[in-house]
Amino acid sequence: MEAFTTTLLLLACSPPYTQVGDRCLFIDNVLSGNWTELTAVCQDLGGELVDLHDANLLAYIVEHLYETGRSDVSYWVGATDQAVEGQWNWLTGAPVHMNTPLWGDLKDGVQQPTGGAKENCAVLLKEDYYFMHDAPCSNPHSLICQQTPDSLLQDPALSTTRGRPSVECPHPYEVIGGRCLFVNVPSSGTWEEQRRFCELLHGGHMIKLDDANVLGALFDYLHAHDLTSSYVYIGGSDSKKEGDWRWLDGTPVRMGTPFWGAQGSSPQEPQGGTSQNCSSLINTDHFFLHDLECDSLVGVICEH
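Numbering (mature numbering (1 follows the signal peptide of the UniProt record, and there is no 0)), first residue to last: -20 to -1, 1 to 284.
Here's what the structure looks like:
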């Protein structure tokens, strides 16, 4: 599957670490322990429990788990709110981005974390397609370590959202997550009508949502501006070939976590088959991607 970030650097990972995305990781589905025990194991291996400050790394990790047959267990990651309840930080001290795109939900539809003072450590939960959940730190799970020192890692400034130069957006576009975007909500149109609308708006196009950090920035923007009452179309479709999801420029849409959602006990999206061939962010599933009937009348996010 084609990458959705900038070209990855080839890293000099030391055994037992191997390159996954832009990190040197050690993923072990046999070793099991509580969060503190496995934090110590990573330290003994010259690393630490992985952080997902770049949410795109989660896509690479999930792909790797399925490709290598390690999707049978859940995995601790290096996030905790043990110091201050509700204040989640990575082991580096950096704050954890809350809500979409990292955090999942259970059948109740309430987005994680929900465990309060009883659940202070973060886990990639097998039962929720490896979205993040809070869990009791005493639970036994497997580990994902990242190699230190940080000099082995790709410079975060090279990521698609952080490496962009400052831009000026033509009105009504705004800078959201490093992109010039316009959220047209409330509005009502079919996917094709909204596609044409974006083209007329300073020659724009429906957003190519190929960066998980931009998805997180959009979630924050929609909630901050009280724009959560509607679904919104984005520029992905499998109208030309069922199951082959493409952006308007012909590049493939990244599938799975952390882009596509799942509601309740349903399988992960897309699930609509030939009747739902257009992509949208839906407010009833934390603005994760879902497929939708292309004649549905909803809003749109345009990109310039």
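Heads up, the beta-carbon is just placed ideally off N, CA and C, and yes, glycines get one too.
Three-state secondary structure (DSSP) of residue i
i	result
residue 286	Residue 286 is absent from the structure shown; the chain starts at -20 and stops at 284.
residue 304	Beyond the ends of the chain as shown, which are -20 and 284, falls residue 304; an answer cannot be given.
R153	In the sequence under discussion, the amino acid at residue 153 is Tyr, which differs from the Arg named in the question. In this structure, Y153 counts as coil in the three-state DSSP scheme.
S12	strand
R50	coil
R175	helix
H185	strand
V147	coil
Residues sharing a beta bridge with residue i, DSSP
i	result
S260	Y213 and H270
A115	C101
H121	G13
T(-3)	L5
A59	W70
P75	N69
Q251	Its beta-bridge partners do not exist; DSSP assigns none.
R226	S217 and P232
V278	G169
Q126	L5 and E28
Buried versus exposed, by CB contacts within 10 Å (16 or more), residue i
i	result
L180	exposed
H205	exposed
T237	buried
Y46	exposed
A59	buried
A(-9)	exposed
V10	exposed
A74	exposed
residue 288	Lying before the first or after the last residue shown, residue 288 is absent from the chain, which here runs from -20 to 284.
E283	buried
E222	exposed
H270	buried
Alpha helix (DSSP H) segment containing residue i, residue limits
i	result
L45	N36 to E47
V165	Run containing V165: none in the alpha helix (DSSP H); it sits in the beta strand (DSSP E), R159 to G169.
G84	Premise fails: G84 is in no alpha helix (DSSP H) and is neither H nor E.
L198	A192 to A204
Sub-8 angstroms separation of residue i and residue j beta-carbons
i	j	result
E28	Q174	no
V103	V57	yes
N257	D229	no
D61	W70	no
V64	S168	no
M186	G157	no
G84	A115	no
R159	A39	no
Start-to-end residues for the beta strand (DSSP E) that takes in residue i
i	result
A20	Element bounds for A20: not the beta strand (DSSP E) but the alpha helix (DSSP H), W15 to D24.
G29	Looking at the sequence itself, residue 29 is Leu, so the reference to Gly does not match. Its beta strand (DSSP E) spans residues G27 to L29.
Near the ligand ADP: residue i beta-carbon under 7 angstroms from a heavy atom
i	result
N36	In terms of ligand content, the structure shown is empty, and the ligand ADP therefore cannot be addressed.
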